[in-house]
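Numbering-wise, the sequence shown is residues 1 to 349 according to UniProt numbering.
Read the structure below first, then the notes.
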Amino acid sequence: MAYATTSFDLVNFKVASSKRIIGYNKQIKQQRFVTFNSVNGVVPRINGVKKLKVAYQGVPGAFSEFAAKQAFSDCIPLPCRAFLDAITAVEEGKADLAVLPVESTMEGTELRNYDLLLQHDLPIVQEINLYVHYCLLAMPGVSKGELKKVISHPLALAHCGKTLAQLGLDHEAVEDTAGAVELLLSNRMFDTAAIASSQAALLYGLDVLAHGVQDESWNVTRFLILSKDLRLRSPKGRNKFGSKTSMVVAHHSGTLNVLLKLLSAFSTRDINLTKLEVNPSRTNGTPVLVLDPKEGGPLKEFPCILYVDFEGSMDDQNVKDALAEISEFPVFIRTLGSYSADPNIYGLQ
């Protein structure tokens with residue numbers, strides 16, 4: 001995703017005059033790095049009674065599955081064909097939680113998955129930041145010189161453009177990275193490689209021909225974990241990093257005025273914003289659709305919305321006061337969830 005030209009700076013924010021406002025954590029590389037196998041999950045089970053089912057898009061070995069296991073180490077992963085299917089699984093009671101990747105350091109915000117957040121009533125109960133390290137995988141015994149094609153998820157192919165150019169191979173997009181590995185193995189494709197994780201290679205018994213084939217060495221994806229059961233949030237005060245809240249502010253006109261009002265309301269109360277992005281209507285002119293959980297019924301249509309993440313909980317009085325001030329404007333505010341902040345970056349090795 002291309003970032004808009006900066007017109008003025010506000011501490012941790014790069015503000016564009018008309019397109020986007022993106023809050024970027026400049027210290028992300030300084031955050032604590034935790035390997036996947038060294039943690040036991042950051043969210044406890046309910047009374048330890050049952051293993052939780054966590055729905056994710058993809059097949060075993062997908063990065064979303066690793067994010068699910070990072071949050072709930074003893075969960076039962078439920079693979080789904082599409083992100084919407086993962087959401088539906090929770091709504092229909094077939095799963096307890098769903099995992100959605102929503103942004104990355106290389107691509108920015110994943111608008112399609114944010115649309116799912118806006119159009120369904122599944123609160124955020126946790127966040128997981130996962131270090132994405134791509135590898136070039138092939139059938140056992142195959143060398144790079146025997147390859148003719150590379151398959152993977154479209155974003156993975158885009159993230160590894162330099163490597164693909166150097167190899168001079170054709171490439172083909174498939175539904176997900178682990179799915180590419182599964183396809184490679186099931187069809188015994190000896191002239192084809194897949195871009196996926198080293199864990200996927202281990203799981204499916206493939207050879208790793210190259211590590212770290214992504215263009216940028218630092219590639220982190222943020223996943224949100226959703227559930228109807230708010231008991232799955234970490235107990236208040238347990239997380240030393242405190243709480244974080246995600247919300248959207250939607251309106252029909254006056255984007256700049258709403259933006260300035262929002263910044264003022266949070267700034268005067270010393271509430272730190274960790275994400276702020278202005279998202280206009282989609283490129284084809286269709287409005288942004290948002291569900292109002294209080295009213296139900298048809299989705300509300302808006303030409304523009306603001307995605308906002310901030311430090312604090314909806315139970316905090318200063319947060320309540322800030323939202324009351326913002327509500328002086330004719331805006332629609334919907335909280336997507338308050339949850340324990342987790343700035344750690346988790347790896348798979």
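Heads up, the beta-carbon is just placed ideally off N, CA and C, and yes, glycines get one too.
Contact belief for residue i with residue j at Cβ below 8 Å, rounded distance in angstroms
i, j, result
"residue 134", "residue 165", "With 8 Å as the limit, residue 134 and residue 165 do not qualify as a contact, their Cβ atoms being about 15 Å apart."
"residue 256", "residue 326", "The Cβ separation is near 14 Å, so there is no contact."
"residue 241", "residue 342", "6 Å"
"residue 224", "residue 124", "5 Å"
"residue 322", "residue 269", "5 Å"
"residue 101", "residue 221", "5 Å"
"residue 84", "residue 139", "That pair is no contact at about 33 Å."
"residue 130", "residue 200", "Rounded, the Cβ-Cβ distance is 14 Å, inconsistent with contact."
"residue 179", "residue 58", "6 Å"
"residue 118", "residue 248", "6 Å"
For residue i, the nearest candidate out of the options (CA to CA)
i, options, result
"residue 103", "198, 96, 111", "111"
"residue 227", "346, 120, 114, 150", "120"
"residue 233", "340, 78, 84, 76", "340"
"residue 86", "107, 75, 116, 71", "116"
"residue 246", "319, 254, 185, 289", "319"
"residue 275", "177, 145, 109, 230", "109"
"residue 55", "203, 333, 96", "96"
"residue 159", "223, 224, 219", "219"
"residue 328", "258, 273, 84", "258"
"residue 64", "128, 52, 106, 105", "128"
"residue 337", "312, 348, 321, 330", "312"
"residue 122", "348, 335, 347, 344", "335"
"residue 72", "126, 189, 248", "126"
"residue 292", "250, 286, 70", "250"
"residue 287", "344, 170, 252", "252"
"residue 153", "299, 136, 168, 280", "136"
"residue 169", "130, 151, 230", "151"
"residue 99", "62, 333, 105, 107", "62"
"residue 74", "50, 297, 58", "50"
"residue 177", "132, 209, 141", "132"
Residue i - containing beta strand (DSSP E), residue span
i, result
"residue 279", "273-280"
"residue 210", "207-211"
"residue 286", "It is not in any beta strand (DSSP E) - residue 286 carries neither H nor E in the DSSP assignment."
"residue 340", "332-340"
"residue 301", "300-302"
"residue 226", "220-226"
"residue 319", "Where residue 319 is concerned, there is no enclosing beta strand (DSSP E), although the alpha helix (DSSP H) it sits in stretches over 317-326."
"residue 347", "345-347"
"residue 248", "243-251"
Residue interval of the alpha helix (DSSP H) (run including residue i)
i, result
"residue 266", "255-267"
"residue 181", "177-186"
"residue 198", "198-204"
"residue 294", "Where residue 294 is concerned, there is no enclosing alpha helix (DSSP H), given that its DSSP letter is neither H nor E."
Given 8 Å as the limit, is there contact between the segment 201-219 and the segment 159-176, that is, 3 or more CB pairs closer than that? yes
Would you call the segment 180-197 in contact with the segment 70-85, where contact means no fewer than 3 C-beta pairs closer than 8 Å? no
As an exercise, report each continuous alpha helix (DSSP H) stretch of at least 4 residues that is fully enclosed by the segment 46-127, in chain order. 63-71, 83-91, 111-119
Using a Cβ distance threshold of 8 Å, determine whether the segment 87-101 contacts the segment 297-313, with at least three qualifying pairs required. no
3-residue-minimum beta strand (DSSP E) runs that sit fully inside the segment 128-171, ordered along the chain: 135-138, 149-152
Should the segment 181-188 be regarded as contacting the segment 141-149, the criterion being three or more beta carbon pairs within less than 8 Å? no
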